[in-house]
Structures are given as C-alpha cells and as structure tokens.
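S.K.: Shown below is the structure under consideration.
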Ligand SMILES: Cc1cc2nc3c(=O)[nH]c(=O)nc-3n(C[C@H](O)[C@H](O)[C@H](O)COP(=O)(O)OP(=O)(O)OC[C@H]3O[C@@H](n4cnc5c(N)ncnc54)[C@H](O)[C@@H]3O)c2cc1C
Ligand SMILES: Cc1cc2nc3c(=O)[nH]c(=O)nc-3n(C[C@H](O)[C@H](O)[C@H](O)COP(=O)(O)OP(=O)(O)OC[C@H]3O[C@@H](n4cnc5c(N)ncnc54)[C@H](O)[C@@H]3O)c2cc1C
C-alpha cells in the first residue's frame, strides 16, 4: 500500500558494513542467539501494526543482562540503531524495526527470578509473559493486576515499554501503578537499577519516566512488580442497551455515583456479533450496546454493589441484564471480550484506535466516531475499556486495497483528533509508535515536545534507541 | 523569608524565570513554605512564591478529576472534595506538626514533594494520582505534560518526573489530578501486644487476606499512648484499616478479626475513631513534639523495617513506629542523626532509602536529606535535571545528593 508514515532514512554507512557488524555481534553472543538470514529475519519485520514492515539488519536474542550491555555498548559505539522487542504485539508499530537497525529481542530472558509473598512482589526477567506472572502466584492466592487482552503473548518488558493497561485497570491501575523497579541497560551499556521492593525511591522518578517510554530510554532486562491478593469472588454482569449513547451515559453515571467496579467494558452491536460468533459467550444479540461490568468481593458485597449499579442502569433504560450463573459462564464472558481483536481479525483487516476521553464525552465521541467512519465508507466495531474512557474503535478495511487502507488511516486520524479535541489524548495504552507519531503536534505544541525530547536525550544522546518512533521526524534536535 | 516575586499568572512566572536566567541568578520556589524543612537548605538569590497563583480551575466530581492552580491552598481543595464526598487517595501528610511550621500548604507543594500517607502502599503515591501538569522550565517556557484522563501514554511521562522533584525541574503552575469517592464506612482492627517482628508477620498475613486492608501500621508500646489521647488498649498496637461500603466493611472486619485473633487480643475501632487514628499516623503524631530531634523517613521492603530498627537499637538510641505494612519506618533518633549508620544498615539488609525529614540546621546543612544514589543513576539524574533547567536556576541545593554530587564526582574524574 502507499505508505503515509515515514521512517528515518537508513544510515548507508551502517548498511554497507552489515557483514562485519553481523560477525561482531555473533562474537558477543552465545551460539544460536543471532539471526541474520532473510528467512529468520522475516518474522521480525513488523508487529501487530501489520500495515508497515521493515527488514532489520539483524536480530539478537541475548540470554543475560551482560549480553544486552555488550550489544548496546557495541551499537552505540558505531551509531547502529537498536529496536528493543518483546513479543511484537504492539498495535502502534512500536516494535517495527528499520533496515539499519539491530533488533534486541528479550524472548530468551523468560525466567521468574524471585517471588516474595511476604512483601507481595515478583521479580522477573523482561521476556516473561504477562500471564505467566499471575499463573506463577495463582495457587498462593495472588495475581498481577494489569491484564492486556494480549496477556498470553505479550511480555512484561513490552508492557513497561507501552505502560499497558487492561480490562481490570479501572480498579488496580495500569503498569506504571504496579511497577516497583527495573534493572535496565542504558544506551552505552551501563547497567542501572531503579526502584525495588522499597516504595518511592529517592531522587527523580526515573522509573515513572521509563514506564511507557517505548524502548527509547534503554532496554529493561528485569522488573519487580506488585502482587495483589485475589478477591474472594468476581462476577461479570451483562447490561444491554438500545443505544450506544445510553450505554455511554450509564458508564459516566456509575463512576459518578461513587462506585468503582473492577471493570466496565463496552461493546457495540458489530463487536457483540463478532465476539459472540467467536466465543459463544451468551452476549445478547438484540441490543445496540453492551456493558460488561465486573464487581468483586464476597457474595453479599457483590450483591450490594450490583444493586447500586442496576439502579443506575435502570435510570438509563437498560434493556437486558444478565448475571452469569457459573464460573464457566463468567470465563466465557471474558473470553469473548479478550478475543475481540483476534475475532475481528478473522472477518476483516482492522486498525485499532486507542484515544482516551473524559467520561462525560463518551457518548458524543462514540456518535461522532460512527459518522466519521461512515463518511469514509468504512465499518467500525467499538470494544473498549469504558470505565476509564479508553476507546478502541476497530476500523475494518481491506489491507490489499491501497485506497481502502488510506481511507482507514485517514478515518483513524480524524477519530484521534476528535478525542484530543474532546479533552482526551491520542493513546491510552497502545503507545504512539509510528502510528500516532505524526499526530503528536495535535496534542502538544513544539515546546512541549522539545522538552520531552530533551529528557529523551538525557538517556540516549545520539538517538540510537528506537529512533523512528514517538516524535515527529521533523522538528527533532540536530543529532 | 523575603519573597521577591509573587506572579499571579503563568506568563508572569515565565517572565521572572527568563529574567533570573539572564542575570545568571538562582531562584527558590515556595508554595506555603510549610515544608521548607524538607530537603537540604536552598541557597538561592531570589525567592518566588506561587501564593497568588491560586484557585480551582475545574472540578467535575462525576469524572473524579480536579484541575487547580499550583498555589491553591490544600484547605480549599479539601473543602471542595468534602462537599462532594470525595478524597485524595494518597492521603497527603500535613508536615506542619513535625516542623512546627505555620502557613498553608499548597497543592503544588504537595505534588512537588510527592507527599503520600498511609494509603500509599495500596492506592499509590501522589505521583499515581497526578494526571497532568503545566510548568515553567528553566528556559522560561510554559510546558504542558499529561492531560486530564486516567489513561494516557502519549509521549514521555514528564508528569511522573515532576512529582517529587522538589521544584528542581521547573515551577508547577497548574496540576490536574484524580480523586476518589470517600468510602462510606471504615473500621480499624487493633491487635494488641505484638512485638515488632510478630507485627510484621501479622500485617503480611492481613495483606494476603481477601479483605482489602487499606492501612497497616504498627505502633509499639513507646508511642501507643500518643495516639487517640491514649485511648488504644494496653500494649503495642498493630492496626489494620478497612474501608468501603457499609455492608462490606462489617463483613470484612469480622473475617479479618477471625484471621488475626490467634495472634493477640483484638479490639475494633469505629469510623470516627478510625479517621482520627489514621490522620495521627499520617501526620507522625508521636514525633510532632515540638523538638528538633532528628527524624528519618525510611522506606524499605515491609519485611525489613523491624530488622533495621532492631539492628540500630544495638548501636544507638532510637524510637520508631511503622506504616505501610512495616515498610515505612518513622525513625526518631535520641541525639545524633547517625546518617552513616542508618544508611549503611539499610544497604546491608537489602536496600531502601532514608530521608532526613527533620534535624537541627547544622545537621541539615551537612547531611544529604535524600538518599545518595549510585553514581550512574546520579549522573543520569543530573542529565535529566539539566534538560529541564540548563542554567541551574531552580532550588539549588534542594536535592543535593541526587544531582550535585554527581557533577562533583564527574568533575573529579
Ligand atoms: C490482540 C491484541 C490485544 C491487545 N490488547 C491490549 C490491551 O488490552 N491493553 C494494552 O495495553 N495493550 C494491548 N495490546 C497491545 C500490546 O499487546 C501491548 O502494547 C504489549 O504490552 C506489548 O508487549 P510486547 O511484549 O508484545 O512488546 P513489543 O510489541 O515487542 O514492544 C512494545 C514496545 O516496547 C518496547 N520494548 C519491548 N520490550 C522492551 C524492553 N525489554 N525494554 C525496553 N523496551 C521494550 C518496544 O521497543 C516497543 O516500543 C494488544 C495487542 C494485541 C495484538
Ligand atoms: C527533606 C524533606 C523531606 C520531606 N519529606 C516529606 C515526605 O516524605 N512526605 C511529605 O509529605 N512531606 C515531606 N516533606 C514536606 C513537604 O515538602 C511539604 O509537606 C509540602 O511540600 C508542603 O507544601 P507547601 O506548599 O508548604 O510547600 P513548600 O514548603 O512551599 O514547598 C515544598 C517543596 O515543593 C517545592 N514547590 C512548592 N511549590 C512548587 C511549585 N508550584 N512548583 C514546583 N515546586 C514547588 C518547593 O520548592 C519545595 O521544595 C519533606 C520536606 C523536606 C524538607
């Protein structure tokens, strides 16, 4: 397709030295940890933002922090760009490489290092998957709260890169609120530790800056995260509405009434149909919009909370209320929701927007989103984290039709601008990557971005780490 | 303190900063100046107060967010919240009792100092509630970071960086933060007679229960009488707070009391007593005694707090009580601050950090108030600081151990 998003010009000096660089990198790594043949590189040319692809120079899969340090030291010495990578599930192109870049993938660093139930922490290597953390402590009655729908595949390193969220973040917060410390390697190979089991480390909150920095400040090799005691019980309940606007208004009112459920997820009719066909979760098919509201606690507590929520929903003319009768039904409800993107992918190509808006604007933005997409002659399915205003319109299109793809991108841009204009932001949890990079000036002015870039340069003075991402290619400081 | 500038607008602040930069001078930033005891003493040529930059800009209770100018008095924020039965999740400490200072703390000062109280270890610190800021950097530019929505990963999170930077990365002019509904009910379970080590184990046990404890503190016998006008039962008091809907709290209290009953005598405090007790814990009541005896705020893993205190006791006169499940130690020294000893023991035990919150002026000038950092982190912090304040205008000396030692060591090499 015609690409509208550019990458930095590859450094010819690096590309011409490719053979030498590959040989040098091989010396820094154990056998079997470097990929440089075309077939081997192919799986790394994109992430979940599949409309864009670039073959990297090489892929290094180190096994230790020391090896990561040696790789970075080498790359910064020769000005070779580096793209950190976890599982490559980024939806914004955060992990897409470029022709002159070495991908450093953390997949081999997948050990759980320490589980400390007294202090309720887990220390894991960056390549451990999100779900593995919860599974490792589940039998003891604990879990790790942020739960992106991609949790089976995505890594804690990638979660930190994107400050990822999930359905249950309404109550427990996103990655940054659950991250206690990291061990990371800076651009020149220096290894540092930030935070740890003691809260609120002295000095500047560098940990807070690193979280969500999209691989631009260093490579995280280990992380310490907070564990939480599992609730006694949890109950998702389905609320069906005759219009998206009514459902949106209900969300704002539930939160406004002082109740904070664990999760409030939203699906519109197209999303309900797609997910139901895939997961057979028992979603009502005769409504225009569905809220999955989950409460947790003991049985009487859940009853009390639900009673208040039902009262609010009735004020908004709720059409159907469906409480699940068993753990199996509850699991099916979440399976349907968490497989929404995959299920959509079976019927069409899609790009997923991620703008966040203040709750009072939900209904308005939903309605306008529908109009925008219709104007471009496309279809949209909305399935998102409504409780914190984090919208995910999935714009359906055909990736093999360049005009369709261009229209989808344009519609997406219009929707994101709409979110910013409604008092929100471009991305709530998927990151800027390349996807929203050129929209940054819609949310910030140049002075704001200059300050961010100055802070970035304090970590990576020569811009070798994931350099094509986040900041518009124009207006960058001279290297 | 002589205040030289009191701009009433962000543009006014930017103008002052540019002028100060042009003069190659430095600038101390104060809000209510109630925490000037905090951090190392500032040596600045001029003083700017945010006092006139005051007022709530917008507050939409249904969205649970407030935007306020940085000089807004905390009292005004708290009154607005109370009217809507909402609260700050992070329970900011009122430092006035410890420092015996007067004046009105400001919302900007609270975020600049990342001030957080008992609920911090379950609900996050001030930094976790802060959604967006406006600030003037050292070039005199007005900068926006973050926004007013809960979830936002658009660009680098400069908001977190501003929180806790003690006015060394810019002057906050406006802050937007999240608030929470006030829990309709609360109760405290008191377990009496435990020693520090037993208390740590009981608090860990309580945190593993499915009852959502929102405060876990241990008040040894030496301080117990200072709380609730001596109203806590005899013996050391290990206190566990529950908050939530009326029905929930009652059920959970029952469940928790049963779970911890085997460790010691259990009593229960009602809502009003609970509010009073936790405000006293938050404001460090036992050591707000009008003295300037050295006071440390130590943050370690919860399992290490009591071990640290036990080790120090063998060497010197200390008194202590614990919050955050045992991980926050308020440590009052009898005589000398013993900075070297305190910090060495923390390292030996497994790491953490000690902040010198209060001490005689002589000590404050000599001892880094904030935990000195490893060289690589200190150098990185110094580069970060320089990216906000290239001319070194703001609060020179305030976070001495964080950045200035780095420059010194760097220079020596
Ligand atoms: C079906 C599907 C559902 C999804 N659902 C959600 C959801 O509910 N919530 C949500 O927030 N996201 C969701 N995502 C997006 C994605 O899964 C997250 O962004 C995830 O955190 C990426 O993790 P990863 O390991 O795949 O990282 P990658 O995609 O490999 O990398 C992500 C970014 O982090 C950087 N990075 C990776 N590892 C490191 C490291 N060790 N050190 C430094 N930087 C690093 C990369 O350079 C890149 O910028 C979904 C994606 C898909 C495909
Ligand atoms: C060494 C030390 C340790 C401390 N530790 C803690 C602690 O752990 N927990 C705690 O709750 N309190 C602590 N304090 C106290 C805390 O600083 C104050 O309680 C709080 O900041 C008071 O608000 P204020 O408006 O009176 O601030 P002030 O006393 O006026 O200022 C406090 C700090 O914030 C800066 N500041 C104020 N307004 C702005 C602004 N608009 N923009 C940028 N910077 C600004 C000041 O320069 C100063 O560094 C500590 C104080 C010191 C000196």
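Protein chains in written order, with the working numbering: chain A, 43 to 521; chain B, 214 to 626. Cβ coordinates follow ideal geometry from the N, Cα and C atoms, glycine included. None of these values were measured; they are calculated from a predicted model.
Taking the runs of the alpha helix (DSSP H) that are 4 residues or longer, which of them lie wholly in the segment 433-494 of chain B?
M.R.: Complete alpha helix (DSSP H) runs here, min 4: 434-437 and 459-473.
S.K.: Could you please tell me which residues of the segment 441-472 of chain A, in chain order, have their CB closer than 8 Å to any CB of chain B?
M.R.: Hits within the stretch, in order: 465, 466, 467, 468, 469, 470, 471 and 472.
S.K.: Please determine, among A/237, A/444, A/257 and A/256, the residue with the shortest C-alpha to C-alpha distance to residue 249 of chain A.
M.R.: To locate residue 249 of chain A, count along the first chain from 1; it is residue 207. Answer by Cα proximity: A/237.
S.K.: Name, please, each residue of chain B whose Cβ falls closer than 7 Å to the Cβ of residue 357 of chain A.
M.R.: The residue given as residue 357 of chain A occupies position 315 in the first chain. The contacting residues do not exist; residue 357 of chain A stays about 14 Å from chain B at best.
S.K.: Decide if the segment 240-260 of chain A is in contact with the segment 321-328 of chain A; the criterion is three or more beta carbon pairs, one per stretch, under 8 Å apart.
M.R.: No, they do not touch.
S.K.: So what does residue 336 of chain A bridge to, in DSSP terms?
M.R.: Walking along the first chain from the start, residue 336 of chain A turns up at place 294. According to DSSP, residue 336 of chain A bridges with A/278 and A/305.
S.K.: Is the distance from the Cβ of residue 388 of chain B to the Cβ of residue 343 of chain B below 9 Å?
M.R.: Numbered from 1 along the second chain, position 175 holds the residue referred to as residue 388 of chain B. Numbered from 1 along the second chain, position 130 holds the residue referred to as residue 343 of chain B. Their beta carbons are under 9 Å apart, which means residue 388 of chain B touches residue 343 of chain B by this criterion.
S.K.: With 8 Å as the limit, tell me which residues of the segment 333-359 of chain A have their beta carbon closer than that to any beta carbon of chain B; keep them in chain order.
M.R.: Correct list: 339, 340, 342, 343, 346 and 347.
S.K.: Kindly list, in the order they appear in chain B, the residues whose Cβ is closer than 8 Å to that of residue 261 of chain A.
M.R.: By one-based count along the first chain, residue 261 of chain A stands at place 219. The contacting residues do not exist; residue 261 of chain A stays about 15 Å from chain B at best.
S.K.: For residue 148 of chain A, is the beta carbon positioned less than 8 Å from some heavy atom of ligand 1?
M.R.: The count along the first chain starts at 1 and reaches residue 148 of chain A at position 106. True, at least one ligand heavy atom lies under 8 Å from that Cβ.
S.K.: What separation, rounded to the nearest whole angstrom, lies between the Cα atoms of residue 191 of chain A and residue 242 of chain A?
M.R.: As a working note, residue 191 of chain A is residue 149 in the first chain. As a working note, residue 242 of chain A is residue 200 in the first chain. One C-alpha to the other measures close to 29 Å.
S.K.: Within 10 angstroms of the Cβ of residue 385 of chain A, are there 16 or more other Cβ atoms? Answer buried if so, exposed if not.
M.R.: In the first chain, the residue the question calls residue 385 of chain A occupies position 343. Burial call: buried.
S.K.: Over the uninterrupted alpha helix (DSSP H) stretch that includes residue 239 of chain B, give me the two end residues.
M.R.: As a position in the second chain, residue 239 of chain B is number 26, starting the count at 1. Premise fails: residue 239 of chain B is in no alpha helix (DSSP H) and is neither H nor E.
S.K.: Let me know if residue 327 of chain B comes out buried or exposed under the rule of 16 or more other beta-carbons within 10 Å of its beta-carbon.
M.R.: Numbered from its first residue, the second chain carries residue 327 of chain B at position 114. Its Cβ being crowded by 16 or more others within 10 Å, residue 327 of chain B is buried.
S.K.: Out of B/338, B/412, B/468 and B/572, point me to the one whose CA is closest to residue 520 of chain B's CA.
M.R.: Working through the second chain from its first residue, we reach residue 520 of chain B at position 307. With distances taken between Cα atoms, residue 520 of chain B lies closest to B/412.
S.K.: Under 8 Å: do the segment 85-93 of chain A and the segment 107-121 of chain A share three or more Cβ pairs, one atom per stretch?
M.R.: Cβ pair count under 8 Å is below three, so no.
S.K.: State yes or no: is the C-beta of residue 144 of chain A within less than 9 Å of the C-beta of residue 117 of chain A?
M.R.: Counting from one through the first chain, the residue named residue 144 of chain A turns up at place 102. Counting from one through the first chain, the residue named residue 117 of chain A turns up at place 75. In this structure, residue 117 of chain A lies closer than 9 Å to residue 144 of chain A by Cβ.
S.K.: Ignore the nearest five residues each way along the sequence and tell me which others in residue 371 of chain B's own chain have a CB closer than 7 Å to its CB.
M.R.: Position 158 of the second chain, counted from the first residue, corresponds to residue 371 of chain B. Excluding residues within five positions, the ones whose Cβ falls inside 7 Å are 358.
S.K.: Would you say residue 261 of chain A touches ligand 1, meaning its beta carbon is less than 8 Å from a heavy atom?
M.R.: Locating residue 261 of chain A in the first chain gives position 219, counting from the first residue. Flag set: Cβ of residue 261 of chain A near ligand 1.
S.K.: Quick one: grab the DSSP three-state call for residue 127 of chain A.
M.R.: Taking the first residue of the first chain as position 1, residue 127 of chain A is located at position 85. In this structure, residue 127 of chain A counts as strand in the three-state DSSP scheme.
S.K.: Using 9 Å as the threshold, is the C-beta distance between residue 371 of chain A and residue 206 of chain A below it?
M.R.: For the purposes of this step, residue 371 of chain A is identified with residue 329 of the first chain, where counting begins at 1. For the purposes of this step, residue 206 of chain A is identified with residue 164 of the first chain, where counting begins at 1. Contact: no.
S.K.: Check whether the segment 529-545 of chain B touches the segment 499-507 of chain B, counting contact only when three or more Cβ pairs, one atom from each stretch, lie closer than 8 Å.
M.R.: Output reads yes: the segment 499-507 of chain B touches the segment 529-545 of chain B.
S.K.: Taking 9 Å as the cut-off, decide whether the C-beta atoms of residue 522 of chain B and residue 514 of chain B are in contact.
M.R.: Indexing the second chain from 1 puts residue 522 of chain B at position 309. Indexing the second chain from 1 puts residue 514 of chain B at position 301. Taking 9 Å as the Cβ cut-off, residue 522 of chain B and residue 514 of chain B do not qualify as a contacting pair.
S.K.: Measuring alpha carbon to alpha carbon, tell me which residue in B/277, B/257, B/312 and B/245 is nearest residue 288 of chain B.
M.R.: Position 75 of the second chain, counted from the start, is the residue given in the question as residue 288 of chain B. Measuring from the Cα of residue 288 of chain B, the nearest candidate turns out to be B/245.
S.K.: Mind pulling the beta strand (DSSP E) runs of 3 or more residues that sit fully within the segment 101-181 of chain A?
M.R.: Within the segment 101-181 of chain A, the complete beta strand (DSSP E) runs of at least 3 residues are 124-127, 144-147, 154-158 and 163-167.
S.K.: Using CA coordinates, which residue listed in A/133, A/265, A/233 and A/231 is at the minimum distance from residue 172 of chain A?
M.R.: Counting from one through the first chain, the residue named residue 172 of chain A turns up at place 130. When each option's Cα is compared against that of residue 172 of chain A, the closest is A/265.
S.K.: At the level of alpha carbons, what is the spacing between residue 601 of chain B and residue 354 of chain A?
M.R.: Translated into the one-based positions of the second chain, residue 601 of chain B becomes position 388. Translated into the one-based positions of the first chain, residue 354 of chain A becomes position 312. Their Cα atoms are separated by approximately 47 Å.
S.K.: Tell me the residue span of the beta strand (DSSP E) that contains residue 239 of chain A.
M.R.: Counting from one through the first chain, the residue named residue 239 of chain A turns up at place 197. Note, residue 239 of chain A: premise wrong, no beta strand (DSSP E); not H, not E.
S.K.: Could you tell me which of A/425, A/399, A/135 and A/129 sits nearest to residue 193 of chain A, measuring between CA atoms?
M.R.: Mapped onto the first chain, residue 193 of chain A falls at position 151. Comparing Cα positions, the closest option is A/129.
S.K.: With a 10 Å radius around its C-beta and 16 neighbouring C-beta atoms as the bar for buried, classify residue 215 of chain B as buried or exposed.
M.R.: Within the second chain, residue 215 of chain B is the residue found at index 2, counting from 1. Answer is exposed; the Cβ neighbour count stays below 16.
S.K.: In the DSSP assignment, find the unbroken beta strand (DSSP E) run with residue 387 of chain B in it and report its ends.
M.R.: As a first step, residue 387 of chain B must be located in the second chain, where it is residue number 174. Start and end: 384-391.
S.K.: Who are the near neighbours of residue 480 of chain B in its chain, counting only those whose CB is closer than 6 Å to its CB and skipping five residues on each side?
M.R.: By 1-based counting over the second chain, the position of residue 480 of chain B is 267. Cβ within range, chain order: 403 and 446.
S.K.: For residue 304 of chain B, go through chain A and note every residue whose CB falls closer than 7 Å to its CB, in chain order.
M.R.: For the purposes of this step, residue 304 of chain B is taken as the residue at position 91 of the second chain. What residue 304 of chain B touches in chain A: nothing, since even the nearest Cβ is about 14 Å away.
S.K.: Closer than 9 Å, CB to CB, is residue 394 of chain B near chain A or not?
M.R.: The sequence position of residue 394 of chain B within the second chain is 181, counting from 1. Judged by the 9 Å Cβ criterion, residue 394 of chain B is in contact with chain A.
S.K.: Indicate whether residue 297 of chain A and residue 300 of chain B have their beta-carbon atoms separated by less than 9 Å.
M.R.: What you label residue 297 of chain A is simply residue 255 of the first chain in a count that begins at 1. What you label residue 300 of chain B is simply residue 87 of the second chain in a count that begins at 1. Contact: no.
S.K.: Taking buried to mean at least 16 other C-beta atoms within 10 Å of its own C-beta, is residue 462 of chain A buried or exposed?
M.R.: Residue 462 of chain A sits at position 420 when you count from the first residue of the first chain. With 16 or more Cβ atoms within 10 Å of its Cβ, residue 462 of chain A is classed as buried.
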